[in-house]
Structures are given as structure tokens and as C-alpha cells.
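Residue numbers (UniProt numbering): 1 to 303. A virtual CB, placed ideally from N, CA and C, is assigned to each residue, including glycine. Heads up: the structure comes next, in C-alpha cells.
This is how it looks when you write it as C-alpha cells:
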């Protein structure tokens with residue numbers, strides 16, 4: 001039917017509800033929530049979660065301790081940046097040949113086995129399951145942000161691959177030094193050293209800042225520190241790298257590690273703000289130490 005009101009230029013009025021009827025408003029749809037996958041945890045792991053929560057510090061305290069640790073680390077690292085620039089522009093550093101010859105003259109079979117074992121766990125067939133396994137343990141213990149950053153440390157291999165392709169420095173040869181295992185890829189910088197600096201360095205960082213001092217924690221820190229300190233000499237002893245390759249590995253690995261730690265502290269501070277409450281979306285990634293501190297505070301208020 002033809003609308004006379006529209007033809008005459010009159011505005012049509014919206015229909016009014018008849019008396020005695022109620023209008024239904026559509027309820028606002030809830031925002032979708034991101035749920036992290038839950039894992040069926042056996043009773044033994046539940047007890048391990050409680051022990052980890054009781055021995056850990058709060059997230060806010062971990063941020064404070066981690067910031068001081070980071071500042072000290074960057075202060076040490078800043079003096080090594082110049083060495084990395086020089087290493088990119090020279091084929092041999094002074095002392096490469098003499099240091100390698102001096103280190104390789106020790107023919108002790110126990111030393112050779114030790115260095116070989118320290119170096120062997122850095123190859124991908126051992127490093128990959130090691131990284132996934134440690135990240136899985138942290139995830140089950142409810143340190144989920146830490147588990148994600150443990151996986152992120154493997155990204156240091158990307159930087160290593162880029163620098164190697166740019167510099168294309170050849171590895172030591174049998175004519176110059178004793179080579180235990182021939183590796184057909186560029187030498188500068190050492191990929192093993194970069195991986196150890198990031199992976200075991202992060203484990204040291206997490207253990208030192210998220211848990212209270214204890215025998216197990218200190219033992220694990222000692223093991224990780226030993227691996228980082230020994231991987232460099234082991235690569236030179238086995239003839240896989242020059243000492244300057246190893247030094248560059250520590251420098252490049254340290255630079256990458258400082259960037260990862262800066263990101264970690266930024267996210268950690270967002271999850272555990274110094275004032276107020278953390279956002280609801282951040283709760284699945286908060287560490288269990290906060291729950292213990294909250295229970296202690298509530299008990300003290302009741303008393």
C-alpha cells in the first residue's frame with residue numbers, strides 16, 4: 001500500500017508498545033574468554049606444585065629482584081660490545097692460534113670426555129627435547145609465563161644463523177688444530193655458546209629471582225653456571241671454534257638474552273603490578289607464589 005505520510009514529507013513515528021506489554025531487551029553477549037589448555041595432573045605433581053608455590057616468592061618481589069639482577073647484568077655486558085664489532089671485521093683475533101694450542105695440549109682423557117659431554121648436549125637432537133621438557137615442567141608447576149619464555153630462548157638460534165651467514169668465517173681445520181668433529185657451517189659466532197647463554201642463563205635468572213635460597217635451587221644454579229662457563233672452552237678444545245668465535249658467542253648470546261629479559265620483566269610487571277590488582281586476563285599466567293602471600297595476609301588479618 002502507498003505510504004501517504006512519506007509522500008507528504010511527514011516523518012513516520014516509531015511504533016509505540018501497547019499498554020500492558022513489556023519489551024524484551026537482548027542481553028549483551030559476554031566477551032569471549034581465552035582459556036589455556038588444562039592438563040590432567042597426577043597427585044604427585046599436585047604436591048610438587050604446592051612445594052614450588054611455598055618455596056617461591058611473590059610476583060612483585062620477583063620483579064624487584066629481577067630488575068636489580070638485570071641492571072647488574074647489562075652493566076657487565078656493555079663493556080663487551082666493542083669486542084663484538086671488532087670480531088665482525090677480522091678473520092683471526094690475536095691469540096686465537098696460541099690459546100687453542102695451549103688448551104689442546106692437555107690430553108687427559110677425563111678432560112676430553114667432560115668437554116665432549118658438555119658440548120654434546122648442545123646439539124639439536126638433545127637441545128630440543130631438553131628445552132621442551134624443562135618448559136613442560138615449569139608449565140605443570142604453574143609458572144606458565146616462565147615456560148613460554150624458556151621456549152622463546154630458542155629464538156637465539158635465528159640471530160646466530162643470520163650472523164654466521166653474513167660473516168661466513170670458516171671453522172678451524174685439521175691442518176691448524178686438532179678437530180674432533182667436523183661441522184660444515186660457518187664458525188662465527190659459536191651457536192652452542194649462544195644457546196647455553198640464553199637457555200641456562202634464563203634458568204639461572206628464574207631460579208634466582210622466583211625462588212627462595214635453598215639447597216636444590218643453589219645446586220641447579222651451580223650446574224647451569226658450570227655449563228655456561230665450560231661450553232666455551234669445550235668448543236675450542238674440540239677444535240670446533242676459535243676463541244674469538246666463543247667470545248662472540250657469549251657477547252651475541254648476552255645481547256639477545258638481555259632483550260628477552262627486558263621483555264620478560266615488562267610482561268611480569270604487567271601481571272604483577274606494584275599497585276592495584278592485575279587484570280583478569282593475566283591471572284592464568286600469574287605465578288603461584290602470590291596465592292601463598294594472599295593466604296598469609298588473610299590469616300594475619302583474621303588474627
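For residue 128, the enclosing alpha helix (DSSP H) stretches over residues 124-140.
In this structure, residue 189 and residue 248 form a Cβ contact; the two beta carbons are roughly 4 Å apart against a cut-off of 8 Å.
Within the same chain, and ignoring the five residues on either side of residue 103 in sequence, the residues whose Cβ sits closer than 6 Å to its Cβ are 236 and 237. Boundaries of the alpha helix (DSSP H) around residue 98: 96-104. Look at the stretch 148-229 and you find no whole run of beta strand (DSSP E) that is 3 residues long or longer. With a threshold of 16 other beta carbon atoms within 10 Å, residue 138 meets it and is buried. Note that the C-beta distance between residue 196 and residue 228 is below 8 Å. Contact between the stretch 192-210 and the stretch 142-154 is present: 3 or more CB-CB pairs across the two stretches fall below 8 Å. A Cβ-Cβ distance of about 6 Å is found for the pair residue 67 and residue 265, placing them in contact under the 8 Å criterion.
Taking each of 145, 171 and 164 in turn and checking the Cα distance to residue 239, the smallest one comes out for 171. Bounds of any alpha helix (DSSP H) do not take in residue 240, whose DSSP letter is neither H nor E. For residue 194 and residue 231, the gap between their C-alpha atoms comes out near 10 Å. Between residue 208 and residue 63 the beta-carbon gap is near 13 Å, outside 8 Å, which marks them as no contact. Between the C-alpha atoms of residue 179 and residue 212 there is a straight-line separation of about 43 Å. With contacts defined by Cβ atoms closer than 8 Å, residue 256 and residue 159 form a contacting pair. Looking at the backbone, the Cα of residue 218 and that of residue 226 are separated by about 12 Å. DSSP places residue 115 inside the alpha helix (DSSP H), whose first and last residues are 109-120. Straight-line spacing of the CA atoms in residue 113 and residue 142 works out to 37 Å. Setting aside the 5 residues that flank it on each side, residue 70 is surrounded in the same chain by 258, 261, 262 and 265, each with a C-beta closer than 8 Å to its C-beta; the list follows chain order.
The beta carbon of residue 119 is closer than 8 Å to those of 192, 231, 234, 235, 238 and 240 in its chain, skipping five residues each way along the sequence. Contact annotation, residue 177 with residue 100: C-beta distance approximately 5 Å; criterion of less than 8 Å satisfied. Closest in C-alpha terms to residue 147, from the list 115, 161, 131 and 106, comes 131. If you draw a straight line from the Cα of residue 216 to the Cα of residue 222, it comes to about 10 Å. Residue 161 has its alpha-carbon roughly 32 Å from the corresponding atom of residue 106.
Distance from residue 127 to residue 134 at the Cβ level is roughly 11 Å; contact not present, criterion being Cβ atoms closer than 8 Å. Taking every protein chain shown into account, the CB of residue 254 has 16 or more other CB atoms within 10 angstroms, so this residue is buried.
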